[in-house]
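Heads up: the structure comes next, in structure tokens.
Numbering (the working numbering), first residue to last: 38 to 181.
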């Protein structure tokens, strides 16, 4: 089978977040965070890794950095700080980044427990996020 972006994406997905988990763990330890294990919480364009037992979650780009500019990561951290309790805050235990590590971008966030949102709750939260972001940024977020 010839090499393609699709092949590359499939190979990354097959790894079940192992590479991203190791990358997040290595970076977090170098930044001074002590933890027992990294546990993959979710995978997609990014991989989310809970650095247990700390309340820190690493978000490691898997494919997102190929379609979004790196500046959007720093903007996301700044926006989350500005939104306060209306958003999941960046980690206060470790520099939230973004950090460039082995060609991937890593940001660190605060782990929150709870149940998954329903579709209507997620939609309402997304609308509130867009409204809050527009107030903070002074212009509306892009619509997709």
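Note that beta-carbon positions come from the ideal geometry of N, C-alpha and C, so glycine has one too.
In this text, all values refer to a predicted model and were calculated from it rather than measured experimentally.
Annotated as proximal: residue 94 and residue 87, with beta-carbon spacing under 7 angstroms. In this structure, DSSP gives residue 124 a state outside helix and strand, which the three-state scheme calls coil.
Sequence-distant partners of residue 80 (beyond 5 residues in either direction) whose C-beta falls short of 6 angstroms from its own C-beta, in its chain, are 54.
In the three-state reduction of the DSSP assignment, residue 137 falls in the strand class, which pools E and B. Between residue 143 and residue 68, the C-beta spacing is not below 7 angstroms. For the set 151, 66 and 61, the Cα lying nearest the Cα of residue 77 is the one of 61.
A buried status is given to residue 124, since no fewer than 16 other beta-carbon atoms sit within 10 Å of its beta-carbon. DSSP lists 79 and 96 as the bridge partner or partners of residue 85. C-alpha of residue 163 to C-alpha of residue 117: approximately 13 angstroms in a straight line. Counting only the Cα atoms, residue 137 lies some 20 angstroms from residue 126. Relative to the Cα of residue 130, the nearest Cα in the group 155, 107 and 146 belongs to 146. Note: residue 142 is bridge-paired with 137 in the DSSP secondary-structure output. In this structure, residue 148 lies away from residue 90, with their beta-carbon atoms at least 7 angstroms apart.
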